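These protein sequences, in sequence, are chains A, B and C.
In case it helps, my numbering puts the first sequence at residues 94 to 157.
In case it helps, my numbering puts the second sequence at residues -5 to 128.
In case it helps, my numbering puts the third sequence at residues 225 to 360.
Ideal Cβ positions, reconstructed from N, Cα and C, are used throughout, including at glycine.
In this text, all values refer to a predicted model and were calculated from it rather than measured experimentally.
Here the structure comes first, spelled out in structure tokens, and everything after it is commentary.
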Amino acid sequence: MKNRLRILRAERNWSQADLAQKLEVSRQSVNAIETGKFDPSLPLAFKLARLFDSPIESIFSDQE
Amino acid sequence: MICIPNSKAGRRYVYRLAPTMLTYVLFLYIAQSIFHHHHPTGLFAYFLAVLPALPLIGSLVVVGLYVSEESDEFERSILVQSMIWGLGGALSVGTVWGFLEDFTNAPHISIFYVYVFFWIFMGISQPFIRHKYR
Amino acid sequence: MLNKNLSRFQRRSLALFSASILLTALITMFIHDYFRLQHHSTNGPLAWTLALLPSLPFLGTIVLALRYIGRERDEYIRAQVLLALLQGSFITLAFTVVYAFFENYLKIPSAPAMAYVDVFLIASMIALRIDLRSAQ
């Protein structure tokens, strides 16, 4: 699923490893989600939303 | 080389697996020596034969616990996929070799190798599965 | 109860899978004993090719199961099927290990090749039934 994670990360100057640590997942998971190859579950999506203080729909987009 | 995973569940998995495998070696030694020297029969023989199998089944339980305890869903997805490939590979090898044994002169290898091939295919498939997500 | 609301993909997958299993059952019942009785201990590439032919439906069944998992869009059903396959795997491997030690120490006869896939399929299907029923 397309998402703006890379942009949001860059705004805060976080590396993938930083984001992974905050989410308590592995760096590969963050990379897989960012590249759109893996969709996070609802709990993880909510974690991301809270972390970036944005609604889920503004982070992820299912439009092609 | 499978390195110790970073997650809590991963480390717990390794710390559970090591003693399980040591128990296997111990039970194997016990069963082997008693069978070799005393030739038991009856119920005791069955119990002794199953003894080394128990830690091996335990190792499967340990893997199952790892899958259910891993909180990182991406890692869990990789693990489950590698287990499926592990089993698929093991069953395929076992089936094909079994047919060759029955119909041609292929030498008999123990059914135990199905278990071995499960671990081999599970390990080998992991880098390929991870590569899909790059 | 469980079969009412299958999608077209699920219905087709189920039919294909059932046909594959039926083929493996037929092979187990007829071809295996026929060749054993003939005492064919032939060799050479032709013999090996002929020996491998009956194993193809067994391999095909596994491939079908994997393809289904890859293509099923309903994530709940996919998770349940995956769980059942893993439980079936566990039972199959446990059976394999115990049988191997019995064979080694107690000298019981070796199991035919088809037993492995059969045990796996039966165990998985029972597990799926139990999983789906307990989830309702």
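In whole angstroms, give me the CA-to-CA distance for residue i and residue j.
i	j	result
Val341/C	Thr89/B	7 Å
Leu144/A	Leu20/B	50 Å
Phe122/B	Gln121/A	14 Å
Val287/C	Phe233/C	16 Å
Val61/B	Arg70/B	6 Å
Met(-5)/B	Leu230/C	Because Met(-5)/B carries a pLDDT of 43, less than 50, the predicted location of this residue cannot be relied on, and the following value inherits that uncertainty. Going from the Cα of Met(-5)/B to the Cα of Leu230/C covers about 43 Å.
Gln156/A	Met94/A	8 Å
Ser1/B	Ile78/B	22 Å
Met225/C	Ala351/C	Caution applies to Met225/C, whose pLDDT of 41 falls short of 50 and renders its modelled position unreliable; the value that the coordinates give is listed next. Roughly 17 Å between the two C-alpha positions.
Ala275/C	Gly92/B	10 Å
Phe38/B	Ile28/B	11 Å
Tyr323/C	Ala249/C	22 Å
Phe131/A	Val56/B	26 Å
Tyr23/B	Thr17/B	10 Å
Lys115/A	Ser348/C	38 Å
Glu104/A	Leu98/A	10 Å
Ala243/C	Leu59/B	35 Å
Gln109/A	Ser119/B	25 Å
Leu283/C	Val74/B	20 Å
Let me see if you follow: with CB-CB separation under 8 Å, is residue i close to chain C or not?
i	result
Thr98/B	yes
Ala3/B	no
Gly88/B	yes
Pro101/B	no
Val56/B	no
Val74/B	yes
Indicate the three-state DSSP secondary structure (helix, strand or coil) for residue i in the structure shown.
i	result
Phe131/A	coil
Lys331/C	coil
Ser313/C	helix
Ser119/A	coil
Tyr9/B	helix
Ile28/B	helix
Pro336/C	coil
Pro136/A	helix
Tyr127/B	coil
Met225/C	Reliability fails at Met225/C, whose pLDDT of 41 lies under 50, so the model's placement of it is uncertain and the value that follows must be treated cautiously. Coil.
Asp355/C	helix
Glu64/B	coil
Pro281/C	helix
Ile103/B	coil
Trp107/A	coil
Arg291/C	helix
Ser147/A	coil
Asp298/C	coil
Ser237/C	helix
Thr35/B	coil
Ser231/C	coil
Leu45/B	coil
Please go through the same chain and pick out, in chain order, the residues whose beta-carbon is closer than 8 Å to the beta-carbon of residue i, but skip the five residues on each side of it.
i	result
Asn96/A	Ile126, Glu127, Gly129, Ile152, Phe153, Ser154
Arg68/B	One point to set straight first is that residue 68/B is Phe, not Arg, in the sequence displayed. Closer than 8 Å at the Cβ level, and outside the excluded window around Phe68/B, lie Tyr127.
Compare the C-beta of residue i with all C-beta atoms of chain B and state if any pair is closer than 8 Å.
i	result
Val321/C	yes
Val305/C	no
Ser134/A	yes
Ser119/A	yes
Phe179/A	Absent from the structure is residue 179/A, since the part of chain A shown begins at 94 and ends at 157.
Ser334/C	yes
Ala125/A	yes
Ser122/A	yes
Tyr329/C	yes
Met225/C	Note that Met225/C scores a pLDDT of 41, beneath 50, so its modelled location is shaky; the value from the coordinates is reported in the next line. No, its Cβ sits nowhere closer than 8 Å to a Cβ of chain B.
Phe131/A	yes
Pro278/C	yes
Ala142/A	no
Ile301/C	no
Tyr188/C	Here chain C comprises residues numbered 225 to 360, so residue 188/C is not present and cannot be evaluated.
Leu310/C	yes
Leu283/C	yes
For residue i, write down the residues that DSSP places opposite it in a beta bridge.
i	result
Asn0/B	DSSP output for Asn0/B lists no bridge partner at all.
Asn96/A	Phe153/A
Could one say the Cβ of residue i lies closer than 8 Å to chain A's Cβ atoms, at least one of them?
i	result
Ser65/B	yes
Tyr7/B	no
Phe122/B	no
Phe93/B	no
Phe106/B	no
Tyr127/B	yes
Phe111/B	no
Phe68/B	yes
Excluding the 5 residues flanking residue i on each side, which residues of the same chain have their C-beta closer than 7 Å to its C-beta?
i	result
Asp355/C	Gln304, Leu307, Ala308
Ser53/B	Leu11, Thr14, Met15
Gly83/B	Phe111, Phe115
Leu112/A	Arg102, Val123
Is the shortest distance between the beta-carbon of residue i and the beta-carbons of chain F less than 8 Å?
i	result
Gln114/A	You won't find chain F in this structure, because its protein chains are A, B and C.
Say the cut is 7 Å; is the CB of residue i nearer than that to a heavy atom of the ligand NAD?
i	result
Ile293/C	This structure lacks the ligand NAD; in fact it carries no ligand of any kind.
Using C-beta distances below 6 Å, list every residue in its chain close to residue i, excluding the 5 sequence neighbours before and after it, in chain order.
i	result
Val343/C	Thr316, Phe319
Ile332/C	Phe326
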